[in-house]
Amino acid sequence: MHVLNEDTRWKPCPWSTKHGSSCYIQGTLQSPNVRERRAPLSQPLASLTGNALRTQRPVATPPTNNPAPPTITPRPELAGSTVRAAPTGGGARKHVQASRRRRRPGMVRWVRVRSPPVLESKLLCLSLLYLLTTLPLALYVSFSDPGRRCPRLQLPFFASRASPAKTALFEYPPGYGEHKHALPVTRALCSSAVAFAGLHLSVVLDEQHPSHYKTALEEINGLCRNLSASASRSPALRYQSGRRDTFAGNLSTEKRRSFFSHSDNQVEVPCGFFKEFSVPEADRLAMEKCRGVVVASAILNDYDKIRQPMGLGAGTLATACFFMFIDDATRRVLARHGILTVAQGARRGGGATVGAWRVVTLRAGELPYESPAMNGVVAKHLLHRLFPNARFSVWVDAKMQLTADPMLLVHALLVGRGADMAVSRHPFNVHTVEEAVATARWHKWGDVEAVRAQMETYCANGLQPWSPSKLPYPSDVPDTAIIIRRHGLASDLFSCLLFNELEAFNPRDQLAFAYVRDQMSPRVSINMFEVEVFEHIAVEYRHNLKPDGRGGGKQGVTRMTSSRDITGSSCERYLLKMWGESTE
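Sequential numbering of the sequence shown, starting at 11, is according to the numbering used here.
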């Protein structure tokens with residue numbers, strides 16, 4: 011069947027279309043391909059019968075938006091069937107276009123694929139980049155040995171011939187982890203010179219600069235002989251003895267201050283040991299035989315790990331004494347790792363050794379304080395009493411590992427400056443109250459109200475903030491992780507007075523440091539060297555963590571203080587002067 015168009019030409023009607031029985035007039039007079047002039051059928055064809063076919067010519071009408079479709083004659087075989095109406099308007103055009111696209115053979119369809127939304131997040135991409143960048147560095151720092159990083163660089167500093175001092179002092183079991191969790195510092199390479207008190211002197215082994223080490227060793231040995239001879243004739247300081255309720259006597263503020271001015275050597279000074287500080291007899295005899303330089307440390311309550319000193323000269327182990335004080339809790343951990351055994355206790359007349367250290371075990375029931383921190387302070391500040399014949403001492407906190415020879419440290423930081431003590435200044439704080447605030451803020455001591463009372467007491471008794479008038483002391487706050495001392499009148503008196511303050515308040519020795527230093531007489535000469543020197547001579551490690559997630563020395567309970575204004579406080583003038591608001 012054909013349909014007659016306006017141009018009197020017959021064209022086939024697309025009865026084969028897939029859109030039901032609808033029929034479209036696809037021909038036009040002028041342009042058969044212009045879609046705007048196509049007119050779809052909108053009237054349904056229903057119930058047509060008969061074999062006669064009628065042909066109607068469409069009536070010409072003006073163009074409208076929805077022109078009426080022309081009438082067509084259906085095919086005879088559609089008689090009696092129902093024909094659905096075709097869509098009209100724009101829907102019809104889309105209908106035709108879609109059908110044509112589906113009927114095109116070999117047509118290529120383009121599919122647009124979008125990336126997952128999670129990959130379009132800039133924050134996620136930056137986070138992944140940061141993770142991939144920092145993770146390898148973190149793994150390297152965590153699992154590498156800080157003490158062996160410089161040899162890996164193959165610097166000339168380590169290219170000298172081998173010697174017994176450069177071999178490993180002790181082989182630790184793999185599970186002990188003595189070199190884990192070192193704190194990062196801004197140190198230069200190991201071959202860089204270290205500024206010791208304004209004098210650039212490289213801390214090197216004797217093979218690199220034998221003259222430096224030999225000179226230091228000979229000079230220190232000579233000083234030890236001279237000091238021993240003079241001390242045998244006249245002791246530097248006399249100490250009170252007897253038995254009291256506490257290890258230091260529990261003295262009042264007025265009583266403690268009465269010993270700050272020491273002009274008569276016949277006056278006995280309270281300096282602890284009013285209760286027993288039990289040391290095994292074999293170890294006590296060994297401590298009395300130490301007549302030169304003693305290097306000491308302490309690990310109580312398994313707070314740290316035993317680490318061997320590095321960079322020792324060939325004659326240091328034969329000249330200096332190395333003592334490590336531990337308690338029963340620490341000894342059990344060392345025994346569990348196989349580091350300290352019962353058989354080792356039979357060496358040296360009952361003393362055990364771990365590498366360079368002679369280990370002295372303090373029995374739990376015989377310690378003077380319940381606090382491990384206070385028991386550690388006894389060994390830290392009263393070395394001149396534990397080692398009465400030693401002339402120099404180097405205290406090293408157990409969190410530190412020496413990377414320089416202690417003989418060179420004594421010579422460069424103490425003897426070379428003519429000082430009684432050498433200690434690093436604090437890297438951040440300058441004023442005592444600043445350190446007190448940091449102590450409370452970071453929970454370095456649990457009783458915050460006691461810290462406030464300590465500062466109130468010191469301010470009421472003359473404590474002043476640091477100012478240029480206190481020079482040559484460059485700061486009021488030290489870092490006492492490493493203390494180098496010349497045992498004598500001034501340094502021994504300072505240590506005794508400082509220890510009395512620590513028992514009266516708390517073991518935070520940085521809080522009482524300037525208070526004792528500025529008011530004692532005779533004055534003590536202290537070389538407070540730069541922080542960069544401190545970072546070159548030692549490596550700092552994190553403390554051990556306990557099963558409850560806390561460090562071994564952190565206080566369990568923190569008592570917070572009430573908040574009140576400084577008006578009326580004994581530290582009001584101190585704070586105003588520290589802030590630069592004082593009118594005086």
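Glycine included, every Cβ here is placed at the ideal spot set by N, Cα and C. Keep in mind that this is a model prediction, so the values were computed, not measured.
Please state whether DSSP places N537 in a helix, a strand or coil. Translated into positions along the sequence shown, residue 537 becomes position 527. In the structure shown, the three-state DSSP call for N537 is strand.
Closest residue to R301 among Q474, F180 and C234 (Cα-Cα distance): For this step, residue 301 is matched to residue 291 along the sequence shown. Answer by Cα proximity: C234.
Sufficient close CB pairs (3 or more, under 8 Å) joining the segment 452-472 to the segment 387-399: Short answer: they don't touch.
Using three-state DSSP, classify Y551 as helix, strand or coil. In the sequence shown, counting from the first residue as 1, residue 551 sits at position 541. Of the three classes helix, strand and coil, the one that applies to Y551 here is strand, per DSSP.
Could you name the residues of the same chain whose beta carbon sits closer than 7 Å to that of G472, not counting the 5 residues immediately before and after it, in chain order? Numbered from its first residue, the sequence shown carries residue 472 at position 462. Shown here for G472: same chain residues with a beta carbon closer than 7 Å to its own, the five before and five after excluded, namely Q529 in chain order.
Give me the Cα-Cα distance between T177 and M334, rounded to the nearest whole angstrom. Residue numbering aside, residue 177 sits at position 167 when the sequence shown is read from its first letter. Residue numbering aside, residue 334 sits at position 324 when the sequence shown is read from its first letter. Distance between the alpha carbons of T177 and M334: 21 Å.
Taking all protein chains shown into account, do 16 or more other C-beta atoms lie within 10 angstroms of the C-beta of D502, making it buried, or fewer, making it exposed? Reading the sequence shown from its first residue, position 492 is the one you call residue 502. Classification for D502: buried.
Please go through the same chain and pick out, in chain order, the residues whose beta-carbon is closer than 8 Å to the beta-carbon of F504, but skip the five residues on each side of it. Your numbering for residue 504 matches position 494 in the sequence shown. Apart from the 5 residues on each side of it in sequence, F504 sits with its Cβ closer than 8 Å to the Cβ of D430, M431, V526, R527, M530 and V534 in its chain, given in chain order.
Residues near R341 by beta carbon distance below 7 Å, same chain, minus five either side: Here residue 341 corresponds to residue number 331 of the sequence shown, with the count starting at 1. These residues qualify, in order along the chain: L350 and T371.
C-alpha distance - V420 paired with R368, whole-angstrom precision: Reading the sequence shown from its first residue, position 410 is the one you call residue 420. Reading the sequence shown from its first residue, position 358 is the one you call residue 368. Counting only the Cα atoms, R368 lies some 21 Å from V420.
Cutting at 7 Å between CB atoms, please list the residues of its own chain near S485, excluding the five before and the five after it. The sequence position of residue 485 within the sequence shown is 475, counting from 1. Hits under 7 Å: R435, H436, V440, W476 and M538.
Quick check: the Cα distance between N275 and E511, rounded to an integer number of angstroms? Taking the first residue of the sequence shown as 1, we reach residue 275 at position 265. Taking the first residue of the sequence shown as 1, we reach residue 511 at position 501. Roughly 22 Å separates the two Cα atoms.
Every unbroken beta strand (DSSP E) inside the segment 473-544 [3 residues or more]: The beta strand (DSSP E) runs of length 3 or more contained entirely in the segment 473-544 are, from start to end of the chain, 488-496 and 536-539.
To the nearest angstrom, how far is it from the Cα of E130 to the Cα of L142? Numbered from its first residue, the sequence shown carries residue 130 at position 120. Numbered from its first residue, the sequence shown carries residue 142 at position 132. Roughly 18 Å separates the two Cα atoms.
Among C331, V279 and G361, which has the Cα closest to the Cα of R267? By one-based count along the sequence shown, residue 267 stands at place 257. Distances from the alpha-carbon of R267 to those of C331, V279 and G361 put V279 closest.
Mind reading off the beta-carbon distance from G365 to Q318? Whole number of angstroms is fine, and I expect it under 8 Å. Your numbering for residue 365 matches position 355 in the sequence shown. Your numbering for residue 318 matches position 308 in the sequence shown. For G365 against Q318, the beta-carbon gap comes to about 4 Å, under 8 Å, which counts as contact.
Put Y249 into one of helix, strand or coil per three-state DSSP. Taking the first residue of the sequence shown as 1, we reach residue 249 at position 239. Reduced to three states, the DSSP call for Y249 is strand.
Taking Cβ to Cβ, would you say D293 is nearer than 8 Å to G386? One-based indexing of the sequence shown puts residue 293 at position 283. One-based indexing of the sequence shown puts residue 386 at position 376. Contact: no.
Using DSSP bridges, identify the partner residues of I349. For the purposes of this step, residue 349 is taken as residue 339 along the sequence shown, with counting starting at 1. The beta-bridge partner set that DSSP reports for I349 is empty.
Give the DSSP-derived three-state secondary structure of S221 in the structure shown. The residue given as residue 221 occupies position 211 in the sequence shown. DSSP, read as helix, strand or coil, puts S221 in helix.
A246 to L237, Cα distance in whole Å? Numbered from its first residue, the sequence shown carries residue 246 at position 236. Numbered from its first residue, the sequence shown carries residue 237 at position 227. Answer to the nearest angstrom: the Cα atoms are 10 Å apart.
Going by the CB atoms, is the gap between A491 and D415 shorter than 8 Å? Taking the first residue of the sequence shown as 1, we reach residue 415 at position 405. Taking the first residue of the sequence shown as 1, we reach residue 491 at position 481. Contact check for D415 against A491 fails: the beta carbons are separated by 8 Å or more.
Less than 6 Å between C-beta atoms, sequence neighbours within five positions excluded: which residues of the same chain meet that for Y182? Against the sequence shown, residue 182 aligns to sequence position 172. E188, listed in sequence order.
Tell me the DSSP secondary structure of Q464 in three-state form. Residue numbering aside, residue 464 sits at position 454 when the sequence shown is read from its first letter. The answer is helix: DSSP assigns Q464 an H, G or I state.
Which residue from H394, L499 and H546 puts its Cα closest to that of P532? Counted from its first residue, the sequence shown places residue 532 at position 522. Of H394, L499 and H546, the smallest CA-CA separation from P532 is found for L499.
Just to confirm my understanding: we take P517, look at its own chain, exclude 5 residues before and 5 after, and list those with CB closer than 6 Å. What are they? Counting from 1 along the sequence shown, the entry for residue 517 is found at position 507. Taken in chain order, the residues that qualify are A383, M384 and V387.
For V151, count neighbouring C-beta atoms within 10 Å of its own C-beta (all shown protein chains included) and say buried if the count is 16 or more, exposed if not. Taking the first residue of the sequence shown as position 1, residue 151 is located at position 141. Per the 10 Å Cβ criterion, exposed.
Within 10 Å of its beta-carbon, does A374 have 16 or more other beta-carbons around it, so buried, or fewer, so exposed? The sequence position of residue 374 within the sequence shown is 364, counting from 1. Label assigned to A374: exposed.
Going along the chain, which unbroken runs of the beta strand (DSSP E) with 3 or more residues stay wholly within the segment 392-444? List check, beta strand (DSSP E) in window: 402-406, 410-412 and 431-435.
Going straight from the alpha carbon of T363 to that of C469, what length do you get? Looking up residue 363 in the sequence shown gives position 353. Looking up residue 469 in the sequence shown gives position 459. Each residue's Cα considered, the two are about 46 Å apart.
Within this structure, are the beta carbons of S403 and R495 separated by less than 8 Å? What you label residue 403 is simply residue 393 of the sequence shown in a count that begins at 1. What you label residue 495 is simply residue 485 of the sequence shown in a count that begins at 1. Yes, the Cβ-Cβ distance between S403 and R495 is below 8 Å.
Three-way DSSP call (helix, strand, coil) for L372 in this model: Within the sequence shown, the letter at position 362 stands for residue 372. Looking at L372 - three-state DSSP - the assignment turns out to be strand.
Near D312, which residues of its chain fall below 7 Å by C-beta distance, leaving aside the five closest residues on each side in sequence? As a first step, residue 312 must be located in the sequence shown, where it is residue number 302. If we look at D312 and ignore the five residues flanking it on each side, its Cβ neighbours are A339, T340, V343, N554 and G562.
Compare the C-alpha of F609 against each of A448, Y249 and F515 and name the closest. No statement about residue 609 is possible, as the shown extent of the chain runs from 11 to 594 and does not include it.
Straight-line gap, K299 to G456 (C-alpha atoms, nearest Å): Taking the sequence shown and counting its residues from 1, the one referred to as residue 299 is at position 289. Taking the sequence shown and counting its residues from 1, the one referred to as residue 456 is at position 446. Cα to Cα, K299 sits roughly 39 Å from G456.
According to DSSP, residues forming a beta bridge with V304: The residue you call residue 304 lines up with position 294 of the sequence shown. Answer by DSSP bridge pairing, in chain order: C331 and S403.
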